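A quick write-up on the structure given underneath.
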Amino acid sequence: MEPAVHLRGAVSLLGRFPALAGVDLDVATGEIVLLRGPNGAGKTTLLRCCAALLPVTSGEAMVLGHDLAGLTGPARRALRRQVGLLAHATGLYDELTVADNVAFWARAAGADRADAEAAMTRLELDGRLRDVAVGRLSAGQRRRASLAVLLARRPALWLLDEPHAGLDQAGRDLLDGLIGDGARAGAAVVLASHERDRAESIATRTVTIAGGTIVDDSVVGAAPPVATGARRAP
Amino acid sequence: MEPAVHLRGAVSLLGRFPALAGVDLDVATGEIVLLRGPNGAGKTTLLRCCAALLPVTSGEAMVLGHDLAGLTGPARRALRRQVGLLAHATGLYDELTVADNVAFWARAAGADRADAEAAMTRLELDGRLRDVAVGRLSAGQRRRASLAVLLARRPALWLLDEPHAGLDQAGRDLLDGLIGDGARAGAAVVLASHERDRAESIATRTVTIAGGTIVDDSVVGAAPPVATGARRAP
Amino acid sequence: MLRDAALVAGKDLRLEARSRVALNQVAPFALLVLMLFAFALDPDRGILARVTPGLYWVAVLFSGLLAVQRAFAVESTDGVADALRLSGLDPAGVFLGKVAAVAVQLLALEVLLGLGVVVLYGADPSSVALLVPTCLAATLGLAAAGSVYGILAAGLRVRETLLPLLLLPVLAPVLIAATSAFESALGGFPGEGWRWLGLLVVFAALYTGLGLATFGVLLEDG
Amino acid sequence: MLRDAALVAGKDLRLEARSRVALNQVAPFALLVLMLFAFALDPDRGILARVTPGLYWVAVLFSGLLAVQRAFAVESTDGVADALRLSGLDPAGVFLGKVAAVAVQLLALEVLLGLGVVVLYGADPSSVALLVPTCLAATLGLAAAGSVYGILAAGLRVRETLLPLLLLPVLAPVLIAATSAFESALGGFPGEGWRWLGLLVVFAALYTGLGLATFGVLLEDG
Amino acid sequence: MNDGTSSPGTRVLGALTLIGMAVLLAFALVISPADETQEETVRMFYVHVPTALVAFGAFFLTVAASVGYLLRRSEGWDVMAGASAEVGAVLLAATLVSGMLWGRVTWGVYWTWDARLTLTALLFVLVLGYLAVRRLPLERERRSRLAAVVGLLLGPATVACHYATTWWRTLHQGPTITTADAKMDGTMLFTFFLGMVVFGLLYVWLLVHRFRVLWLEHRVEDLGLDEAIAERRREAVGVS
Ligand code: HEM
Ligand SMILES: Nc1ncnc2c1ncn2[C@@H]1O[C@H](COP(=O)(O)OP(=O)(O)OP(=O)(O)O)[C@@H](O)[C@H]1O
Ligand SMILES: Nc1ncnc2c1ncn2[C@@H]1O[C@H](COP(=O)(O)OP(=O)(O)OP(=O)(O)O)[C@@H](O)[C@H]1O
Ligand SMILES: [Mg+2]
Ligand SMILES: [Mg+2]
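Protein chains in written order, with numbering that gives the first Met the number 0: chain A, 0 to 233; chain B, 0 to 233; chain C, 0 to 221; chain D, 0 to 221; chain E, 0 to 239.
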């Protein structure tokens, strides 16, 4: 099968700064790739390029079978509909409730209300928090709502930018379980993280990026984690 | 000596929601208190109350010798000048450079340019990043700039809300070193964090908060860490 | 596309229902603008009566600008612009949804300002046959052009200042045409008014077409 | 206090030097408003000449509003409002600093608009003795009132719509007084103009006093 | 206990107000004579002026209460300021409406841009802005502080509105009562003062009720508070 992400010599410019300076990377479906590296290495840039939110200036870039270079409008939409990005910013409307937000974004991606409800239940947002405006949530609750959106959309490629940040212990365990489930269901997962222990325990492969290039690429775990919700693979 | 923070039955309302529902807590100078607890427990609220950014609706609240209840304008300013808060939001002007930002906030708190420069050097922001507009920085670089501001201000009470989030390994080690140095220099440190391993290794005491109340309060380490920059106290 | 439009418009109206910004802030602002112009133009009825249509439309323009600003402010916070791009929504649908939501608010504003003009300036609304279609066409034009530039500015740090700058000159033709149509209608030569109305319709069609065609591109660059 | 004011004003001017928002966006906007009015009021020189002072000040008002909005937009992003409260800066100093920065930008705008009025409408600026102090007093008034409400709205989600609503009615007296002073000056009865100037001075003093006294309270709540 | 916000005191006040209203109507519409120049339209006077003056009084109370709040930070002042501004806004609306109707009859237009009218309209918008700030979805204390600062401004605006006819040449009538006007008939003067008293009573009556309603709303929140705190603390069970 063709890889979910395939980059060869990918360069991406932010202004005039080459945040990616020639990246080679392949991510297969079912893989959980941990992206690590110092601050400013280009992790966020890489994830955003994969979501077609930033242009790849030169080099080859294929994501989910789409060539990012000659992407037309409809193809880009089709691609993005299959991509779930969990970024620092949560992408939620502050003035709408959690339920309204999740329902809106889920339906926008073609999912239905039931998916939205299921995702909220999975993230334990179906209690008191359901009808609280997102702007009033705590940082971690907000991240959970954002995760619920990702889950309800059922993407084929998960791009997670420091997904553990802000989540409490239970939330972290839950997230790890979700990532494992997603990978087992055939999604490709790329997660950028500085939380070494936590992230390494779920990743099937660790890629180190520095100065906009991949400096190390090694398989860690032999297979994706097996048990749902397992806090740490042994 | 009187404690840096002294709370008894402190209640704080966000809208009509009692985010703090009666908190008893004392923090002595030189202590490094880790505040942990589930999402929405009230950690951020507690830190903001200590910085006099949120009112304490009822109960006793003394911070650095000031009673938060009857705080007049000048006393509040005097108090806040001694408080350093590292929040999720970095409090930097996107359109100014790192150097301009650090210099402005440092001078606002009565420090001088030399302090600002020293802080930037300490956080390794004195190279290329010095003259980059803050809005262009990566998440972790931005956190570093925000830390530089805190350092340059030399507060007597450090309130750190998930300080490790976004920092790379080197940054985390640096931060732990800074916290240790600060505590040894007589500052009181309260840090809210979900990164158990990392945070517990530097804390002298762990306090667990849930449902807006303290549910557990236990001394972990016997004394503040000894060596400067030591990554983990042994 | 229409499903996406309905989704977006529904979301916007729900947001307004929760925050009441248009009701509590934009509407009073519109009345205020009307009063301000009256101050600026001297307490001289002669002038006021002659320029009533112009002032009406300037007031609609400024408060409409505020409505557009608000409509796209909510799309600019905390990564929503990215989320919108990743959502898989049809850009043309998003465009139509925003236009519909803004147009509903504008129409409400126009009715309100209409009442204001009748009361404050003593204007006399008679030739409804011309006035109503003028309002509709002008509203669509304003909402369409507003949405095109609104999405362009959304997510930029300088949104608040850039949007008025871009939008006002574009809307100048609407202002002129609507004013002239109103003048003709009130002045009693509707014949000329219909020509101006034609211009408004062309403008609205043009910007709706432009929006439908380019919203995808604009959304990309948000 | 003055040290803090200088620090804040310096920061604001440096920010403007880097972002050029006032130069590239607010100033063109001001000219645009002027042109729009010319359209709205028909290419009828008779009216235009009579209402020039009013239009000038309406244009100053609206572009001043934009300048204030911009000045406090930078204080509303990403925790800056909190940082300002924690900074230990004297609130009165922050107020004076913001007023100074806004006033400098407003004065530049006024000169620009003055040129615009002279060119576009063919106004004739002669009685400078009255015009200049009027501009200065009105500017101070605008900047002071703008800063009071600017900091009040900073950090609120509805800032963009609330600020104009609160600010415009408060500035209406400035508009009236400055317009009347200009009319007197240009019309040749400066005597009355000086009385209006007096009003402007009172207004500016009032708001500067209010700002100095209450900025602490407002900033607390930012 | 009663289940409204009334008490024996306010019931008496309410009764007095209603009776006063009836008497005022009788005097204003029937007993008092028509004016020489204004003819029957002068009857508008007995609503127009008292509502205006009482509204002014209400705004001054708002200003005073705002100052009180800024100095003492006690909730009572805040509630008082808000209640007074609300009732004042209603009264000023009555002034505006009666003035516009009157204007339609005597001047032939509902509105004209004269200083008094303009300033009255401005004052009204300022009050609306003040009430808008009071409705912001913020923490109670923060909202009170912002409102108190905005409330201060009603003072100068009210003063300017009152002196508008003195400071500027206006179409609107200047001070009539204070300048011991000879033309004023005795009955008319009495009716006017009656109007002042009745609208004053109305104001106090409404104010007391609004104050109590707002106060009770806060108390209800506080009552719910103990329950809310208890519930919040229950979240803690099992975590440690
Ligand atoms: C919309 C139109 C009007 C508004 C907003 C308005 C407003 C006011 C206000 C605010 C006052 C109280 C001023 C004070 O005593 O401090 C007042 C008083 C008064 N108004 Fe009007 N008015 C309007 C129309 C009229 C008209 C048409 C008449 C009669 C021709 C009129 C006659 C008076 C008189 C006689 C007083 C008492 C003056 C005094 O003793 O100070 N008003 N009006
Ligand atoms: N206009 C610019 N000028 C100079 N440098 C820029 C510019 N824009 C972006 N950069 C740099 O590009 C890099 C972007 O990195 P990116 O955000 O991808 O890092 P990251 O690996 O996600 O880091 P972090 O771990 O801190 O999140 C940063 O080093 C930033 O300083
Ligand atoms: N208006 C409101 N209505 C209901 N709940 C509210 C309201 N405002 C705030 N809250 C709640 O108050 C709590 C605030 O918690 P706070 O931000 O202090 O949590 P935290 O311990 O910092 O959590 P995290 O670990 O997620 O950062 C949250 O549970 C939030 O849902
Ligand atoms: Mg990053
Ligand atoms: Mg928190």
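Note that CB positions come from ideal geometry on N, CA and C, so glycine has one too.
Note that this is a predicted model, so its numbers are computed, not measured.
Just checking: is the beta-carbon of residue i within a distance shorter than 8 Å of some beta-carbon in chain E?
i	result
B:THR212	yes
D:GLU219	yes
D:ALA168	Per the sequence shown, residue 168 of chain D should be read as Pro rather than Ala. Output row for D:PRO168: interface = yes.
D:LEU130	no
Which bits of chain D does residue i rub up against, with CB to CB less than 8 Å?
i	result
B:PHE103	LEU6, LYS10
Should residue i be labelled buried (16 or more other beta-carbon atoms within 10 Å of its own) or exposed?
i	result
C:PHE188	exposed
A:PRO154	buried
A:GLN81	buried
E:TRP106	exposed
E:GLN172	exposed
E:ILE30	exposed
E:ARG133	buried
E:TRP110	buried
Any beta carbon of chain B sitting closer than 8 Å to that of residue i?
i	result
A:ARG135	yes
A:PRO162	no
E:ALA146	no
E:LEU224	yes
D:THR76	yes
Thinking residue i and residue j are a contact (beta carbons under 8 Å), I'd like their distance in whole angstroms, please.
i	j	result
E:VAL197	E:GLY67	That belief does not hold up - the Cβ atoms of E:VAL197 and E:GLY67 are roughly 28 Å apart, past 8 Å.
D:ALA142	D:VAL101	4 Å
A:ALA147	A:ASP114	At roughly 10 Å, the Cβ-Cβ gap does not stay under 8 Å, so A:ALA147 and A:ASP114 are not in contact.
A:ALA60	A:LEU67	4 Å
Report the rounded CA-to-CA distance for residue i versus residue j, giving the unit in angstroms.
i	j	result
A:ARG75	C:THR213	15 Å
B:ARG143	B:LEU166	8 Å
E:GLY199	E:GLU138	33 Å
C:GLY210	C:GLY149	11 Å
C:PRO42	D:TRP56	With a pLDDT of 49 at C:PRO42, under the threshold of 50, the predicted position of this residue should be treated as unreliable, though the coordinate-derived value follows. Cα-Cα distance, rounded: 16 Å.
B:HIS87	B:GLU161	8 Å
E:LEU153	E:GLY185	34 Å
A:PHE103	E:LEU95	45 Å
D:GLU109	A:THR56	45 Å
D:LEU161	E:TRP101	34 Å
What in chain B is Cβ-close to residue i, meaning under 8 Å?
i	result
D:VAL25	Neighbours of D:VAL25 on chain B: none; closest Cβ ~15 Å, over 8 Å.
E:ILE228	VAL10, PRO17, ALA20, GLY21, GLY211
A:ASP196	ASP196
A:GLN143	Checking the sequence shown, residue 143 of chain A turns out to be Arg, not Gln. Residues of chain B passing the Cβ test: ASN38.
Using 8 Å as the limit for Cβ to Cβ distance, is residue i near chain D?
i	result
C:GLU109	no
Name the chain D residues that come within less than 9 Å of residue i, Cβ to Cβ?
i	result
E:VAL62	Here the premise fails: no neighbours, minimum Cβ distance about 12 Å.
Got a sec: is the Cβ-Cβ distance from residue i to anything in chain C below 8 Å?
i	result
A:THR43	no
D:PHE28	yes
I want to verify the contact list: residues of chain E whose CB lies under 9 Å from the CB of residue i, in sequence order.
i	result
B:LEU13	GLU138
B:VAL73	A small correction: the amino acid at residue 73 of chain B is Pro; Val does not occupy that position in the sequence shown. Under the 9 Å cutoff, chain E gives no residues; its nearest Cβ is about 16 Å from B:PRO73.
Under 9 Å Cβ-Cβ, which residues of chain B neighbour residue i?
i	result
A:PRO37	GLY139, ASP167, GLN168, ALA169, GLY170
D:LEU106	Chain B residues near D:LEU106: none, gap ~22 Å exceeds 9 Å.
So is residue i in contact with chain A if we call contact Cβ pairs under 8 Å?
i	result
C:ARG222	Since the first residue of chain C shown is 0 and the last is 221, residue 222 of chain C is not available in this structure.
Note down, in chain order, every chain C residue with its Cβ under 8 Å from the Cβ of residue i.
i	result
D:LEU65	GLU159, THR160, PRO163
Determine the chain E residues that contact residue i at a beta-carbon separation under 7 Å, and present them in chain order.
i	result
C:MET34	ALA120
Would you mind telling me which residues of chain B sit closer than 7 Å to residue i, beta carbon to beta carbon, in chain order?
i	result
D:SER18	GLU94
Going along chain C in order, which residues have a C-beta closer than 9 Å to the C-beta of residue i?
i	result
D:LEU31	PRO163, LEU164, LEU167, PRO168, ALA171
In chain order, what residues of the stretch 43 to 62 of chain B put their CB closer than 8 Å to some CB of chain F? Given the protein chain composition of this structure (A, B, C, D and E), no chain F is represented.
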